[in-house]
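Quick notes on the structure that follows.
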Amino acid sequence: MFTKLSVAAAETISDLKVQTNTSNELTPEQENFFASLDVQVYGIPFIERARDLQKFKNEFGSCRVPKRYSANPTLGNWVNKTRQMYRKHLNGENTSLTKERIQLLNDIGFVWSGMITSSTSQSSQEMNLEIPSTTQQQNREKSWKKSFQDLSNILKEDRESSLPKKLSVWAARQRREYQKYEMGEKAAITKERIEMLNSIGFDWNPWESKWNMRVKDLLDYKRENGDCLVPVNYQKNLKLGRWVSTQRKYYRLYQEGKPTRISEERIKQLSDIGFVWNRWDEIWNID
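Residue numbers (UniProt numbering): 1 to 287.
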């Protein structure tokens with residue numbers, strides 16, 4: 001559902017400018033407001049466009065930026081794209097339009113959609129603006145918190161257990177958005193959610209964590225046995241045995257110049273430990 005507001009609308013940008021006759025500069029209060037925004041939450045590009053939108057409103061009295069706004073084409077394109085993202089947001093699709101960004105745009109007076117309707121007065125028209133409902137946003141927030149709680153419960157029981165498919169997809173999505181967030185790109189994850197995930201020990205890079213865990217296991221094996229010849233079916237640590245076998249397969253692909261999941265850096269790391277790349281050569285002392 002939407003709350004509908006009715007405001008007087010002018011025919012053109014020129015009409016708006018005549019009617020408002022105000023400066024397009026930000027007031028000191030507005031400057032302070034935008035300067036205080038957390039760039040990690042909103043992102044610098046978004047804040048800059050929001051500033052431009054506020055300047056437009058100061059000058060014309062509304063946020064009805066034309067798609068082809070010659071004075072600032074970037075702003076016109078951004079407003080149009082933001083409306084498209086909002087429609088996707090309402091359909092449950094992932095976009096960079098977070099609840100914080102939506103709220104900020106609402107505070108400025110962003111026009112999410114509008115329609116000019118006839119008026120009994122020939123000299124004026126009315127525009128019906130739709131202010132986005134919070135219902136779907138609340139449902140999505142509720143869904144996120146449920147997934148968060150499900151993950152928290154699993155991590156409390158066994159940090160190495162496999163996640164159910166749906167939850168695994170959700171976790172992967174959080175990692176993707178976090179990477180964007182760290183790169184300063186538009187991301188559908190907030191600082192608050194990052195802190196919540198950190199509080200339960202969420203692993204942002206599980207591949208790196210598993211690698212480090214297996215390297216530690218390999219070092220423990222070497223201390224106990226004097227070498228790195230871990231049997232494939234090593235009963236004391238089956239995961240280590242399978243991991244060692246897998247690294248050898250990756251290494252063979254690397255030597256053949258084929259795509260592989262092991263890097264030169266990791267090859268060197270294992271070689272420095274004394275990793276045996278060819279078990280049979282080592283057993284038979286073949287150089």
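We put the beta carbon where it would ideally sit given N, CA and C, even for glycine.
Suppose you measure from the CA of residue i to the CA of residue j; what does that come to, to the nearest Å?
i           : j    : result
V39         : N58  : 23 Å
S245        : T98  : 44 Å
S121        : G61  : With a pLDDT of 30 at S121, under the threshold of 50, the predicted position of this residue should be treated as unreliable, though the coordinate-derived value follows. Near 21 Å, if we compare the C-alpha coordinates of G61 and S121.
I273        : L37  : 48 Å
K142        : Y234 : 44 Å
residue 322 : F34  : What is shown of the chain runs 1 to 287, which leaves residue 322 out entirely.
R173        : G257 : 32 Å
P164        : I154 : 10 Å
S70         : W78  : 13 Å
W204        : L75  : 35 Å
P73         : N80  : 11 Å
L229        : M196 : 42 Å
W207        : E31  : 43 Å
R214        : Q84  : 46 Å
K166        : S199 : 22 Å
L253        : D220 : 27 Å
N139        : K156 : 26 Å
S152        : V65  : 44 Å
K186        : R193 : 15 Å
Below 7 Å CB to CB, which residues in the same chain sit around residue i once its five sequence neighbours on both sides are set aside?
i    : result
W277 : R248 and Y251
I108 : A50, L53, Q54, K57 and C63
A188 : N94, T95, S96, T98 and E177
Quick one: residues in its chain with C-beta nearer than 8 Å to the C-beta of residue i, no 5 flanking neighbours on either side, listed in chain order?
i    : result
I102 : Y86, H89, P132 and Q137
L26  : F34, R51, Q54, K55 and N58
Whole alpha helix (DSSP H) runs in the UniProt domain "Helicase-associated" (207 to 275) with 4 or more residues, listed along the chain? 238 to 255 and 264 to 273
The segment 218 to 238 / the segment 175 to 185 touching (three or more Cβ pairs under 8 Å): no
Entirely enclosed alpha helix (DSSP H) segments - the segment 53 to 120, minimum 4 residues: 73 to 90 and 99 to 108
Those runs of the alpha helix (DSSP H) which lie wholly inside the UniProt domain "Helicase-associated" (141 to 202) and span at least 4 residues: 165 to 182 and 191 to 199
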